Each structure stands twice: as C-alpha cells, then as structure tokens.
Amino acid sequence: MSVAAYRSLAPYAFRQWRRLLTIGVLTLLSSLAVALQPWPMKVLVDYALSGIPVPDAVGGALARFGIEVGPVVLIVGAGAASLGIFALNSLLDVGLTWSWAVAGQRMVRELAGDVFGRLQRRSFRYHQQQPVGDSLDRLTSDTWCVYQMTDGLLISPAQQLIMLGALGVVAWQLNAELAVYSLLTAPLMAWATVKFGNPLKRRARLAREARARLVSFVHQTLSSIPVVQAFATEHRNWDRFHALAADSVAVSQRGALVTSHYTLVTGLIAVSGTALIVYVGGRQVLAGALTIGGFMVFLAYLRTLQGAAEGLIKLYGALKPVEASIDRVLEVLRSGEDEVVERTGAIARVASAAGPRGAIRFEQVTFGYVPGRPAVESVTFEVRPGETVALVGATGAGKSTLASLVARFYDPWSGRITLDGHDLRDVRLAELRAQIALVFQESFLLPLSVAENIAYGRPEATREEVVAVARAANADEFIRRLPEGYDTVLGERGATLSGGERQRIAIARAMLKDAAVLILDEPTSALDGWSEAPILEAVEVLRAGRTTLIIAHRHSTVRQADRVLVLEQGRVVEEGTPAQLLARGGTYARSMGLQESRSQLPAEVAA
Amino acid sequence: MNRRSAEGMLPGTGADVAGGATGPSDLGAVGTPGIAGPTGMGVDVWWMRLGRYGLGQWRSLLLILGCIVLTVAMDVLRPWPLKLIIDNVLEGEALPAPAGWLESLPGGASRPGLLAWLTLGTIVLFLVGWLGKMVQQYLQVGAGARMVYALSADVFRHLQRMSLRFHGRQPTGDLVKRVTSDTGCVRELVVEAGLPLVTSLVTLASMLGVMWNLDAALAMIALGVAPLLGVCIWFFAGPMNGRSYAYYACQGVAMARAEQTLTALPLVRAFAQEDREQRRLDGAWRDSDSAYLRLTSSQLQFKVGTGTVSALGTAAVLAFGGFRVLSGDLTVGGLVVVLSYVASLYAPLETLAYLSTNLASAAAGAKRVFEVFDRAPEVTERPGARVWAGAARHGMGAGHIRFEGVTFGYEPGRPVLRDLDLEGRPGETIALVGASGAGKSTVLALIPRLYDPWEGHIALDGVDLRELTLASLRRQISTVLQDPFLLPLSVAENIAYARPAASRDEVVRAAVAAQADEFIRQLPQGYDTVIGERGATLSGGQRQRLAIARALLKDAPVLILDEPTSALDGETESVLLEGMYRLMEGRTTILIAHRWSTVRRATRVCVLEGGRICEGGTHDELLARSGVYRRLSALQCEGGAT
C-alpha cells in the first residue's frame, strides 16, 4: 500500500483536529495517572510491612498535618490512594472514549458522504459492472477504514508513545539498569512484526473476498426472486450458499492459524523480557540494591511499558486488514475514465429569456462503451426548437446511446453536441439536466409518496401543480383511487401499481419539470397495447412546445414525429418525414411494413 | 379453504402501502409481533432458538472446553513463581512443602539458582497457555463461522420461499443484511458470550478456591464485591440493549436509502437530484450517528459503574491484606498473589458484565433475523404433498390447467380476481386480454402457485395445486415474464438455469430455436460471457430471447407467458415472436397478449374485467359480438390512429 493512499484519506481525519488535540492532552494526563498506579503497592510493601522508614519529606509533610506516620495510617492511605488514582483514571478514560467516538464517527460520515456522492456520479457503465450490493458494502462498511486508519496511524501510536515516554522516564529514575534491560525486547518485537505482518494482509483480503462473494450471491438471488421461484431453484441456490459459506469458513480458519503464529512469537519475546527483569531485579534485591516494593513497582511498570511497546509495534499488523478497505474506498473515489466531469467555469445558465429554446445539434459524434467498438459513428443531425424527431432502428443500432449523449451521461469520443449553441461540456451539469426531461423504459419510482414522486424534479412544487400534471398525464384518476390518494407511499420498485400506471406517474414527473427538451426512451415499450393509449395521450400533452427526441418502434408513435432518423449500426442511414421514408421504400419502410401487418385490425374493426 | 383469515394474521399487510411514515422497511414497523411469531412457538426464547445452531458444533465446543480448562490452569499458576521469588528467594523463608521439590533441582538450593529456575517457570507457563489458546482460537473461528452460516442458510432458504409481495415491499438491501450480517448473532451468543461465560466461571471458581486456601477472610472480601457488580450490570444493561437495537435499525434505514438511490440512478441523474439524495442519506446517517453516541454513552456509564465497584474491591483487599501481613497471617508474596488474583478476578467478572453488551447485540441481531424467520411463507407445502406423477393416471393429457371459482387479492377485502373460472386444455393457447389492473398478471402468478387463492381452487391435470410439492409443480411450468430477470452468470448458465446439468449442445439448440444464437456468438466470450447485473449489457430484445431460450430448455408442458412486448423494434420483434411461437408449440399456453397477431393465434381469448372473465371465445367470435373486446380493440386502434 502506498503512502499516497493513506494521504488521500488523511484530510478526513485532520478536519477533526480540535477533537484530536483534546484526545492528545487527555492521553498525556492519563499516562501520568497510569504512572501513579503501582505506588500504593510500594507504600504498602516497603513502608508499612517491611518497616523501611518513610522518606523525610513525606513524613515531615504528614507530621505538619498532625498525622502520626505508622503502619495503620500507611495501609489505609495506600487503599485510599488506589481509589483516588482509579477515579482520576476513569474520568480521563470517559473523556478519551467520548472524544474519539465523536471524532471517529464524524470522519467516517464525511468519507461515506463523499463515497456516496462519487457513486452517484460514476458512469452507468461502472454501475453495470459493479453489483449494487458491492457498492453498498463499500459505502457502509469499508468507509470505517478512515476510523481504523486514524486509530492505527495517529491515535494509538500517540497514546503508546506518550505512555512509553512518560513511564520510561520514571523507570529510568527508579533503576537505570533495569530500564535498559526492559527496552531490549522492542527491536525483537519489531522484527517479528515485519516477518509475520505480510501473510496477515493476504489472509484478511482472502477472507474478505470470500465473504463478499457470499454477500453478493445472496443479493443477486434475493433480487431475482421471481425467476428463482418460477424455476424452483431454491434448493440449488441453497447448495451454492453452503459451498460459498464453507469456503469462507476455511479461509478464516487459515487466517486464525497465521494470527496465532504471530502471537506466539511476540508473546514469547515479551515473557522472556519479563523473565530477564525478574532475574536481574531479584539479584539486585538479594544484593540489597533494591527494595521489594521498588522491585514490584518496576514489574508493574514493565508490564505497562511492554503493553505499550507491543501495541505500538502491533499497529503495523493491525493496519493490514484495513488496507483492503482503503483500496476499495479509493477505487470509488478515484474518477473513472468514461466519467463526465464538469469543467471549471462552466456556464450556469444556457437559456436567454428571448428566442426559442431547445435546439440540439450533433456534429460528427462518435462514441462507444468499449474502446475500439464505437456504438455510434460520425453522427450528425439537428433538432430544431419545438420539433419532434423519432429515432428508429434495430435493437443495438445506437438509439439509446444518442439519447444518453444528449443528457450528457457520457461524453463523445470525438465530435461535439450542442444545446442552443453551447457545447454540452461547457454547461454546468445541473443546468443542462434542468433543460432536459427524460422518460425511461423503466419508470424508476422511489418509495416515497405519489406526490413526492411526481415532484421529484421540483420538490417545492405545490399540490395544485402536482395534481395538474397528474391530470394531464391521465394519472389523476387512478391516483385518487389509491388508499391515501396522492400521499400513498409506493412499495419498492413501485410494485403496487401496474406498469401503465407507473409510467403515467413518470410522465407526470417529466411534465412537472417543464424542460425545453424532452427525451422519451420507448416509454410504452413495457406496456401492452391496452395500456398504451392513455400514455400516448399523455405524451401528446407533454410534447407540446418542446423539442422532443423519441425512441420508438411502434408505427403509431413514429407517425407523430416531424422527422425520423433511421439508425443502422451506429450510423444514420435514412432521414426524412415519416411519409417520405415510407414512400422511399428503404429500411424504415421495411421495418414499418412488418408492423403494418399487425395494424390491420383497425381496418377490421372499422369495417 | 378460506385464506382470508390467514391474511389477517399477517401484520401490516393492509397498512403498509400507506404506512410509509414508519420507514421503508415494513418489518421494522412490525416490531414485537415478529418475535412472538405467528408460528406460535410459545415459550421459545431467542437464545434457545439460536442455541440450537450453536449446539450443531458440539464437537468443536467440547474440544474448546478442554482448551479453556488448560488455559485457566495456566492463568491460576501464573503469579506463583513471583510469590515464591518474593517469599522464598528475597525474604529467605523456607519453601512450602508442595514446592519442596524445587530444591532438588540442580542449583535449586542456592537463592540465585532458585531465582533462575522460577524465572524459567514463568516462560514454561506461558508456552503451555499459548498452546491452549491457539488451538482454542482455531476451533472457535471455525465453529463460530459454521454456526453463523447454518443460521443464515436457513434464513436464506426461508426468504427464497417468501412471496413476491413480501419481496416487493422489503428493500433487498435490508434483507441481505439480515441474511449476511445479522445472523452473526449466533456467534455473538455462543462464541462471544457463551464461551467467555464458561471461561470466566471456571476462572472465578478456581481463583476463589486458591485464595480461600491462602486466606479465607481476604477471599470473602474479594467475593463480597460480586453482588454489587451484579446490581451494576442489572442497572446499566437495559438501556444499552435498547440503544443497540436502535442503532442497528438506523443503520438498516440508511443502507436501504442508499440502495434505493443507487438502483434508481438513471432517474436521479436525469433529474439532477444528486444533492437531494445526498441530503436524504445524510439525514439517515445523522440519526444513526446520534444513536451510536447514545449507545456509547450508555456503554461508558456501564464501564465507569463496574470499574468503580472493582476499584473499591481492590482498595479493600489492599488495606485489609496489609493488616493481615502486619499480623503475620499472610506473607508479602501471598498478598501479591491475592492482589494479582483480585486483578484477574475482576477481569472475568467484568467479562460477565460485558456479556450483557454482547447479549444485547446478539439479541438485536436475533430479533431482526427472527422477524423474517417468523413470517410464515404465504405459500407452503402441505405435509404429505405429492410429487406430480404425470398425467396419465387422471385420464387427461399433460398440462391441463383449470381455475374453479378462484377469488384472490393482495390485500384483505380488495379482491383482484372474483370467482374466476378458466380452463386450458393441453395444446391450447389461452390469451388473456384486458385493461391494466384487470388481474391478468395475477392469473399468471397463481398457476406456479406464487400465491394461493382465497377461495376456489386451481388444478393441474385434475390435482389441486396445493396437493403437489412446489418443486414438482414448478417443474411443469415454464415462465417468460416481461422482465427477463437475467442473473449475473454466463449466458450459458442463464439459459440452463432450470437444468444446470444440460449439455452445451442442448443450450446451443435452445438458443438457436429462440433466435438468440447469432447475437450470443457475437458477444466477447460467446456463451461464456458473463451478463452484467440486471443484464444491462444486452438489449431488451436480446434479454427476452435469452429468457425464451431458458424456457425452451426447461421444456415443461405448461407455459405461462407475459408476452414480451415491444421493448423491441419491428425487425427484432418478428424474430422474437418466431422464437416465442416455437416455444408455444405443443404446450398449454396461458398468456397475456399484447399483440393482435398473437391474439389471433390463440385457441381462446378471455377478456378480463373487474376480476372476472367477462367474455370468452375465439378472436373472430369476440369481434363479431359487441362487447368489452371491441371497446379494447377500438382503444388500441385509437392509439394507432392519432
């Protein structure tokens, strides 16, 4: 993992610098409190029990308060002191935990907010390749990496270093020889960490991947429940689940083995260090150079020192699993190649109040989703304000691609597209998309109320406006029949409405947006003929006075267009009014001819 | 059989569409009824239900117990070398009888020699303890993961059986979380709460035993603090439990919200609502943040409370033990051992205290798991359901479908189908026509028994569907839906979805028949190309042709078809129709027709209105009569003429 990866997340941590500073101060105070901890023990053992006289300074001070220094006073005093030291310690601990909880939570939120923002802006292609479940995982669990990273790189090292420094100084004062011996273990531990650290990272990544495979399998199955049930594959899915689960168990067990090697080596180093101190310290007591109480204080310090040193060195290993998460978060944050970027200084307003709006021009536009495989090639055409142009052509001819280029979901490889004379790339994205209303094949209703869905593009719209567009979209009637009318909340994927009803809400939504350009991507394709009529009516209303680009396949729809562009393999092969094209007898006439055979019914009914 | 009463038992079925104020997950709003469970398991409490999954790993658990005993023994012995050093090396007292053998070691009679041996002893104690811990850790990781997966496999299987209505209402992200992370509750219960409980109890018992032998009075003091600690636990654990659940619930809401946005991304982008979606999610996160801080605050209160009690205990032992040493009843080394036990005694007691945190979070997870678990699937297999044994015995051709007096709806009191009769004989094609909302898709959903009718019954070859096993029933039915629902598998795997064992030849043949072979071969890896999520890298017509190939390969006598429309232009459509007609050959087909050409090919056309079949007959007969059919036709023509 490169330093750059950490650096790019660092700002999220440093934005909480005030709290981090507080944590630093509290840490310093708390290491002093820890240094005090073994002293009641020394007082007890040396002065109260072994009868060593109390140092004059302390004895004198106590005498001034009229306290006779005796074993009883010393024993009670030691007990009371241990309580006082505890109180101090826990007070500092509460402060530390709380500050870190707040700071940590905030930095995770900020990062997750940015990740979500990026996810919203990544290209559709990115999302087609990235299962939603995986993106959610990155958003909700991987973003904790900034918390873990700050803890591992900043908070914990600072805490351990301060602790080491403070206790090291006290230990040095107490007994320089023992202090030097106790520091001997540190380099050995560092060696063990470097030696065993790397396999840990690989294991963590493997375990994570195994789990991700399982989660995404569950997600995939649960989101295709209709097929699962219709094809009765429940049992097979269950078997697959078990196989994936068994995989994941095996991987994490191997991980546990690697971890325990590591604990053996570090533990052995620590315990040998302690043994060394016990032996050397014991010899010193025997030689009369150290009191038993002093020996015990030193042993207590040694434990804390070793804990701090171990914690410090272990951080190297502890960060390894986090790096996988950091990678996954940064993958999202990094901008993709096919992504649309807003130019600095982009125009905030394209429309001048005067004059017709909504002129679209394609100039020699070439674009594709995969390098070297253009989906549209050298396309040039113009749509005048208020004109309706139909795009027809076989599936895969590039119709939808042209539509998404107008909304600038992608940028062309070469050539340019203009709206009212401005290159799309010179316009602020929000402004561009405010000029365009889109109706998709899929209606994409959100689990909000009907009214909120209709007002999605303009949340501030009044109820009257919402009802007005619903009426114009032929939707008012069925909406009023819903349990709570306009306040009915729609189930996920709009499941409680029929396809035709959902699409009419989508049209009302586009109407309320009141944009100059309208793009209809086969709005009735998912509907049967019976539900199509009210929608086509609604489309008529929506179209009035707007520049309209409609992708259509039904003759009934195409006939309404002023002009038709016929696409074949990414190129415009025919262009003209529907009548002209029919008369010309080209591709258009051929494909419509097929449909005519289906449209003979009107004649029969009329007859 | 009347299903309406059963419907009434499902909480929230009527209110959910409207009750959105309670949040996107209708399970969240259901709350406790989910735990009590319509299954009526009565006294079963959550930890007993989870415990069963834990006990599935009893072999590992037994071995782990062995390791625990070993580790605890090492822990109890740990301060003894130090005691012997203080008392017998430094203070120079004679070795106590049980440790007398130390003097017989080479050099053990001299003080420095004894010091060296005792020092070595600490290292040996560590090594043995480590060995026990390592084996325990290895077993624990495996056993924990296996019990979690056993539980999540069951939840997963259960969810697969739940009705489409349930899935339509439940955000997928929330369900995925319940399957994959909330099921961790069983590990939290058994491995993170249960095993530490055992470890702590064993540690407590053995340390108290040793202390009792050293100094009974001192042991009593140390023991006396336990009830105080118990009060602390009782007092602080309650709020912690509730707050932990609240925190998880908030996280679920935020996750569902993010998922909604990411799923509807084209819409969000086209309407330039990215910022608003971000604010919406921020709102959910803020709730989750404050829930987290509330949880942290109750955890802190808990920690300080128990810490205070344990500090009081330590101080008391220190002071009282001091007096005992002064009076000569205890050696300094003995006091050190007691103090070190007191420190390690409070550790297991605190573990016990924190158990309730683990239990609380396990309970929160378990609540969410059982909420879905206890929702009975609306369609269940009867005990003793039969495997569909073929048609011959009933004296009818294979694939005879019959609806008799079927009434059904999705919400109580609002039937979609009323007293519907319908018959499809083998080889016939029945076309359903009618306005949207007339119940056409509902008729199709009832045939593979995605739902059960409230009244009346549906029979396949004379056998009521409810008497058949679901798998055997659904094997008889091929389905092509409007949404082809391709899975992110390879093209070949998608086609062979119903019959994974199918050979590549069979797959290719089905694809050829469905007119899909040509475009599949043009894909980067041909039949092995993996389809992007939601099949997005293929066009609508191509996806639909794959769905047809999938149904062809399944080769079932009954075909239900929500006629794939028109996501297609004229040319692809004719190609698609050809595949579709080939699929219909020789099968009983019930289809929702969108196209005159299809309607005309049907043996019979049924016009649905108001949940009933109001007219039936061939296309020509219906046209000849004046009726709804003509009105519908006229409507269609209008659409074509304007």
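As they're listed, the protein sequences go chains U and B. Using our numbering, read the first sequence as starting at 1 and increasing by one per residue. Using our numbering, read the second sequence as starting at 1001 and increasing by one per residue. All residues carry an ideal CB built from backbone N, CA and C; glycine is no exception. Note that the structure is a prediction, hence the values are computed from the model and not measured.
Please report whether the beta-carbon of residue i lies at a distance below 8 Å from any beta-carbon of chain U.
| i | result |
| --- | --- |
| residue 1625/B | no |
| residue 1072/B | no |
| residue 1183/B | no |
| residue 1629/B | no |
| residue 1584/B | no |
| residue 1271/B | yes |
| residue 1089/B | yes |
Going straight from the alpha carbon of residue i to that of residue j, what length do you get?
| i | j | result |
| --- | --- | --- |
| residue 576/U | residue 370/U | 31 Å |
| residue 1113/B | residue 1105/B | 9 Å |
| residue 121/U | residue 159/U | 39 Å |
| residue 1558/B | residue 346/U | 59 Å |
| residue 1619/B | residue 1275/B | 53 Å |
| residue 1236/B | residue 1182/B | 24 Å |
| residue 188/U | residue 18/U | 36 Å |
| residue 47/U | residue 151/U | 42 Å |
| residue 1178/B | residue 97/U | 29 Å |
| residue 589/U | residue 563/U | 14 Å |
| residue 1162/B | residue 1369/B | 14 Å |
| residue 246/U | residue 1380/B | 29 Å |
Return the chain-ordered list of same chain residues with a C-beta closer than 7 Å to the C-beta of residue i, the five sequence neighbours on each side being excluded.
| i | result |
| --- | --- |
| residue 1442/B | 1408, 1416 and 1417 |
| residue 1047/B | 1189 |
| residue 28/U | 162 |
| residue 1700/B | Since the displayed chain B opens at 1001 and closes at 1642, residue 1700/B lies outside it and no answer follows. |
| residue 989/B | Not covered by the structure: residue 989/B. The range shown for chain B is 1001 to 1642. |
| residue 343/U | 425 and 426 |
| residue 537/U | 474 |
Nearest chain B C-beta to residue i closer than 8 Å, yes or no?
| i | result |
| --- | --- |
| residue 15/U | no |
| residue 8/U | no |
| residue 109/U | yes |
| residue 238/U | yes |
| residue 292/U | yes |
| residue 120/U | yes |
| residue 288/U | no |
| residue 495/U | Confidence at residue 495/U is low in this model, with a pLDDT of 48, below 50, so the placement of that residue is unreliable and no value is reported for it. |
| residue 332/U | no |
| residue 195/U | no |
| residue 75/U | yes |
| residue 585/U | no |
Between residue i and the rest of its own chain, which residues show a CB-CB distance below 6 Å, the 5 nearest in sequence each way excluded?
| i | result |
| --- | --- |
| residue 1481/B | 1562 |
| residue 1051/B | none |
| residue 1507/B | 1492, 1495 and 1496 |
| residue 1405/B | 1419 and 1456 |
| residue 326/U | 5 and 145 |
| residue 1132/B | 1067, 1070 and 1071 |
Going by CA-CA distance only, name the one from the options that's closest to residue i.
| i | options | result |
| --- | --- | --- |
| residue 1157/B | 1180/B, 1142/B and 1137/B | 1180/B |
| residue 1295/B | 1545/B, 1502/B and 1247/B | 1247/B |
| residue 1486/B | 1529/B, 1470/B and 1525/B | 1529/B |
| residue 309/U | 320/U, 270/U and 281/U | 270/U |
| residue 297/U | 315/U, 517/U, 38/U and 512/U | 38/U |
| residue 1484/B | 486/U, 558/U, 224/U and 219/U | 224/U |
| residue 116/U | 56/U, 287/U, 136/U and 574/U | 136/U |
For the putative contact between residue i and residue j, defined by C-beta atoms under 8 Å, what is the C-beta separation to the nearest angstrom?
| i | j | result |
| --- | --- | --- |
| residue 1076/B | residue 1210/B | 6 Å |
| residue 231/U | residue 1286/B | That pair is no contact at about 43 Å. |
Could you tell me if the beta carbon of residue i falls within a distance shorter than 7 Å of some heavy atom in the ligand SAM?
| i | result |
| --- | --- |
| residue 16/U | Summarising the ligand content, the structure contains no ligands, and the ligand SAM is consequently not present. |
Within the same chain, show all residues whose beta-carbon is closer than 8 Å to that of residue i, passing over the 5 residues directly before and after it, in chain order.
| i | result |
| --- | --- |
| residue 378/U | 364, 365, 366, 415 and 571 |
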